[in-house]
Amino acid sequence: MIMNKKKIILTGMRPTGRLHLGHYVGALENWIKLQKEYTCYFLIADYQALGDYAEDVARIRDSVIEVALDWLSVGLDPEKNNFVIQSYVPEYAELSMLLSMITPKGMIDRNPTLKSEMLLQKDVSLGFYNYPASQVADILLSKADVVPVGDDQLPHIELTREIARKFNRIYGKIFPEPEALVGRVPRLIGIDGKAKMSKSLGNCIYLSDPEDVVIKKVNKMYTDPTRIRATDPGHIEGNVVFMYLDAFYQDKEKLQIFKNVYKNGGISDVEIKKVLSDTLNKFLQPIRERRAFYESHPAEVKKALIEGTTRSRILAQKTITEVKNAMNISKYEDLSNIKKAIEKNN
Ligand code: ATP
Ligand code: MG
Numbered sequence: 083m084i085m086n087k088k089k090i091i092l093t094g095m096r097p098t099g100r101l102h103l104g105h106y107v108g109a110l111e112n113w114i115k116l117q118k119e120y121t122c123y124f125l126i127a128d129y130q131a132l133g134d135y136a137e138d139v140a141r142i143r144d145s146v147i148e149v150a151l152d153w154l155s156v157g158l159d160p161e162k163n164n165f166v167i168q169s170y171v172p173e174y175a176e177l178s179m180l181l182s183m184i185t186p187k188g189m190i191d192r193n194p195t196l197k198s199e200m201l202l203q204k205d206v207s208l209g210f211y212n213y214p215a216s217q218v219a220d221i222l223l224s225k226a227d228v229v230p231v232g233d234d235q236l237p238h239i240e241l242t243r244e245i246a247r248k249f250n251r252i253y254g255k256i257f258p259e260p261e262a263l264v265g266r267v268p269r270l271i272g273i274d275g276k277a278k279m280s281k282s283l284g285n286c287i288y289l290s291d292p293e294d295v296v297i298k299k300v301n302k303m304y305t306d307p308t309r310i311r312a313t314d315p316g317h318i319e320g321n322v323v324f325m326y327l328d329a330f331y332q333d334k335e336k337l338q339i340f341k342n343v344y345k346n347g348g349i350s351d352v353e354i355k356k357v358l359s360d361t362l363n364k365f366l367q368p369i370r371e372r373r374a375f376y377e378s379h380p381a382e383v384k385k386a387l388i389e390g391t392t393r394s395r396i397l398a399q400k401t402i403t404e405v406k407n408a409m410n411i412s413k414y415e416d417l418s419n420i421k422k423a424i425e426k427n428n
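Counted from 1, the sequence shown has number 111 at position 29 by our numbering; the numbering is strictly sequential.
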């Protein structure tokens with residue numbers, strides 16, 4: 083009997099704070115669906131986070147657990163899948179170094195996501211500049227078939243496919259060419275209406291925000307600047323509240339009615355904001371409850387991290403050995419005795 087091997091997913095997040103609604107609709111929602119069909123490696127990319135937080139390691143340390151808590155609270159299953167701490171699997175860094183040798187610098191220079199992120203930083207570190215290439219190694223080390231991400235990540239997946247092809251051409255076929263899978267809302271805007279909800283822009287609703295905080299944040303959202311009185315006709319386009327309702331309000335027919343009424347000046351901003359904060363709070367309630375459970379059961383969070391990282395290290399070592407064999411390094415004939423002696427001394 084031929085067993086159909088489960089396909090592999092590698093995806094991840096940087097431990098730079100708690101996760102927000104953008105992470106949910108852009109990525110997590112897909113992860114939750116896909117985790118049954120695929121073997122998933124969910125990477126907590128702490129080395130990658132150092133690229134812009136090297137002087138705030140405490141933040142990264144704390145966020146490793148926060149990200150794991152958020153993942154557990156949205157319903158990711160750490161037993162059937164793998165929560166992986168990047169720095170505990172040094173093979174990621176090793177493969178990153180090796181692949182950097184066949185990565186054209188021009189491809190990094192042209193990466194549109196990296197370019198726009200670099201504009202937000204004062205002194206870009208070499209490590210940050212290199213992060214799209216290091217992400218290539220993360221994906222290829224797991225031999226991932228699919229990478230579910232938000233649309234800002236698409237250039238990095240394209241780079242990954244390119245490098246996989248190039249490696250396979252030069253050294254022999256080892257890596258699959260992974261496909262990107264973008265979430266239902268490819269890029270959720272911020273509560274301030276900026277193009278992306280992002281921790282660094284301070285425009286987030288966090289998955290762990292309590293009810294009253296969600297209400298406050300929704301009340302501050304922009305609606306329609308041309309509307310002065312509740313009875314004025316309102317605009318839907320560019321209206322932050324309606325963009326969030328589009329993303330989170332389940333009953334699309336009813337939402338269309340709200341839109342029509344709003345356009346005719348039949349519902350106030352205060353009322354439509356109440357609809358949104360109720361919707362978000364209803365959506366977040368079960369997530370908050372599961373988070374509270376895991377916050378009071380820290381041993382389960384640790385267990386998830388230990389087991390997932392251990393399983394992933396085994397796979398990582400297998401791949402890195404294959405890579406080195408393919409590249410024909412680490413086994414120079416006349417040096418083999420030297421290597422054996424070094425290994426024995428260790
Ligand atoms: P932040 O900008 O808040 O620091 P981040 O982009 O650094 O977040 P990452 O860990 O890089 O967070 O991203 C994790 C995943 O979440 C990626 O797949 C990314 O595309 C997705 N994501 C992050 N923010 C959003 C958003 N506002 N809308 C859709 N997807 C998002
Ligand atoms: Mg990012």
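Just so you know, even glycine gets a beta-carbon here, dropped at the ideal spot from N, CA and C.
Treat the numbers as computed from the prediction; the structure is a model and nothing was measured.
Quick check on DSSP: helix, strand or coil for ILE287? coil
Classification of TYR106 by the beta-carbon crowding that lies within 10 angstroms, buried from 16 upward: buried
According to the neighbour-count rule (16 or more other Cβ atoms, all chains shown, within 10 Å of its Cβ), is GLU148 buried or exposed? buried
Just confirm the distance between the C-beta atoms of GLY108 and LEU362, as a whole number of angstroms; I'd bet it's less than 8 Å. Contact flag wrong, Cβ pair sits at about 16 Å.
Residue nearest to PRO292 in terms of C-alpha spacing, selected from GLN367, LYS187, ALA140 and THR242: GLN367
LEU181 vs TYR376 beta-carbon contact at 8 Å: no
Give a yes or no on whether the C-beta atoms belonging to PHE165 and LEU397 are separated by under 8 Å. no
Quick check for students: name the residue ranges of the beta strand (DSSP E) that lie wholly in the segment 153-195, counting only runs of 3 or more. 164-167
For TYR135 versus ARG143, is the C-beta spacing smaller than 8 Å? no
Is it buried or exposed, ASP128, if we count other Cβ atoms within 10 angstroms and call 16 or more buried? buried
Report buried or exposed for TYR213, applying the criterion of at least 16 other Cβ atoms within 10 angstroms of its Cβ. buried
To the nearest angstrom, how far is it from the Cα of LYS162 to the Cα of CYS122? 8 Å
Quick one: is HIS102 buried, meaning 16 or more other Cβ sit within 10 Å of its Cβ, or exposed? buried
Could you compute how far the alpha carbon of VAL229 sits from the alpha carbon of LEU196? 18 Å
Please go through the same chain and pick out, in chain order, the residues whose beta-carbon is closer than 6 Å to the beta-carbon of VAL300, but skip the five residues on each side of it. LYS355, LEU358 and SER359
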